[in-house]
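As structure tokens, the structure follows; a few thoughts come after it.
Residue numbers (the numbering used here), protein chains in the order written: chain A, 1 to 142; chain B, 1001 to 1142.
In structure tokens form, the structure reads like this:
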């Protein structure tokens, strides 16, 4: 097993998967820097992403490997992939193909803001909340 | 319990904490768009971040609430906070105080790249890997 020093300062990929065999992946838009989505990868998804240069994930709800865009065509081409200090999270900068990354029909999954510094009562505020595609038309093809 | 429609399209904050009571938080640098760190918040950390406008987290290893910068002084001022479609992840755009966010002494935790599209053998490549502060001097104050 790698030491903390090796994990943090080494050049060997030593991903630290959680109890479910997953690491967190953050995908940002290479053009805007916006976070598009946060999802998870298992070892196979990580390997396929590295090999193909396109984003693969593992769906926790469906318990299945999943290529981003396999249904929608909204593939993510990975421009750069980075791993964090303790190797339990990856960050991919992607070219998002098509109108968006979010299954609700939006460019990004992060389309609502939480007001901060204004007390305890919270009402979410939509930001860039307009749908850029019709999720029913894209996902319900059967 | 909120329906998927309410969670995804509503204005009510309904964070979906995991079995350990945590949600994932991605912090990006408001100036550069770079991902600084990925960490976790429990309900209290989320509430304190919303109330104070500064980032609070929950340390899984120390099982403790943790204000970012409480030891180092490297506080994160939250410029904007967003939550994702299914409300199990938050994204904060922050002004990072001091020289960096990473406990290894770097601006970002994501200082190594994984080459993609070049086959199975992986050697990490340092990017922006120079230390911007001495972590021993900053964290070992006792």
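Positions of the beta carbon are idealized from the N, C-alpha and C atoms, including for glycine. Because the structure is a prediction, the values reported are computed rather than measured.
The alpha-carbon of residue 70 of chain A is positioned some 34 Å away from that of residue 1046 of chain B. Secondary structure of residue 1111 of chain B (DSSP, three-state): coil.
Of the residues A:36, A:35, A:75, A:44, the one whose Cα lies closest to the Cα of residue 1120 of chain B is A:44. The Cβ neighbour count for residue 1068 of chain B, taken over all protein chains shown within 10 Å, is at least 16; the residue is labelled buried. Taking the beta carbon of residue 44 of chain A as reference, no residue of chain B falls within 9 Å; the closest one sits roughly 12 Å away. Distance from the Cα of residue 115 of chain A is smallest, within the candidate group B:1110, B:1049, B:1138, B:1124, for B:1049. Distance from the Cα of residue 98 of chain A is smallest, within the candidate group A:108, A:86, A:87, A:92, for A:108.
Residue contact with chain B for residue 58 of chain A: absent (no Cβ-Cβ distance below 7 Å to any residue of chain B). For residue 44 of chain A, the enclosing alpha helix (DSSP H) stretches over residues 43-52. Of the residues assessed, residue 1032 of chain B falls on the exposed side of the cut-off, its CB having fewer than 16 other CB atoms within 10 angstroms.
Interface annotation, residue 14 of chain A: not in contact with chain B, CB-CB separation never under 7 Å. Considering only A:36, A:118, A:61, A:59, the residue with the shortest C-alpha distance to residue 106 of chain A is A:36.
DSSP places residue 12 of chain A outside any alpha helix (DSSP H), giving it a letter other than H or E. For residue 67 of chain A, the three-state secondary structure derived from DSSP is strand. CA-to-CA, the gap between residue 1014 of chain B and residue 24 of chain A works out to about 21 Å.
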